[in-house]
Amino acid sequence: MWLLQGYLAPSHMTFQRFFARCTLDILLNLFSQLMEAINRRDTLTFNEVFVDGTKLEANANKYTFVWRKAVQKRLDTLPSKLAILKQDIWNELGLDTHCMNDECIYTFLAKEIELHHMELVQGKGKHKTPLQRLYERAEDLYEQRKEYEHQLYIMG
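Here this note's numbering is used: the first residue of the sequence shown is 2, the next is one more, and so on.
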C-alpha cells in the first residue's frame with residue numbers, strides 16, 4: 002500500500018494504454034534508465050545472473066527456467082542412450098559404430114539416407130524404414146546433447 006500511497010491500483014488496461022502509446026525507442030530508453038538506476042544502487046551485479054542454479058530469461062515464465070542439476074542429470078543419461086543406439090545400428094544395419102560419437106553417427110546416417118536416395122516420411126499411414134528411425138533417434142540425441150551443453154555454458 003505504501004507504493005500506491007492510498008491510490009487505487011492501476012488496471013491492466015492502464016498499462017496497455019501506456020505501452021500502446023510508447024514506441025520501441027521510448028521503451029528501450031526506459032529500460033536502459035532502469036538498468037542504470039539498478040547499477041548505481043549496486044543492488045545487482047551484471048556478472049551474476051543465476052540464483053540457485055536457475056537461469057534468468059527475458060521471456061521467463063514458470064515453464065522456462067532451467068535447473069543445473071536437472072540438465073546435468075539429463076546430460077549424464079545420454080551416453081547410455083547412445084550405447085543403445087549403437088547396438089541397434091549394429092542389429093539393424095550390421096555397421097560397427099562403437100568408436101563414433103553422436104555427431105558422427107548422425108552425419109553418417111544422413112549420408113546413408115542421401116546415398117540411398119531415401120525420402121523421409123512423416124505422418125499417419127506412412128511406414129518409416131529402419132534407417133530413418135535410427136537417423137531420427139541419432140538426430141534427437143545429437144540435438145539434446147547440444148541443447149544441454151548450451152544450457153550449461155550459459156549457466157557458467
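Heads up, the beta-carbon is just placed ideally off N, CA and C, and yes, glycines get one too.
(request) Please report the residue range of the alpha helix (DSSP H) in which N40 lies. (result) L25 to R42 is the span of the alpha helix (DSSP H), which, as asked, contains N40.
(message) I need the straight-line Cα distance from V72 to Q6, nearest angstrom please.
(response) Cα to Cα, V72 sits roughly 45 Å from Q6.
(message) Using a 10 Å radius around the Cβ and a threshold of 16 neighbouring Cβ atoms, would you call T108 buried or exposed?
(response) Using a 10 angstroms sphere on the CB of T108, the tally of other CB atoms stays under 16, which defines it as exposed.
(request) Take A139 as the anchor and find which of S12, A38, Y8 and E104 has the nearest alpha-carbon. (result) Among S12, A38, Y8 and E104, the Cα nearest to that of A139 is on E104.
(request) Could you tell me how far apart the beta carbons of D89 and L132 are, in whole angstroms, since I believe they sit closer than 8 Å? (result) Contact annotation, D89 with L132: C-beta distance approximately 11 Å; criterion of less than 8 Å not satisfied.
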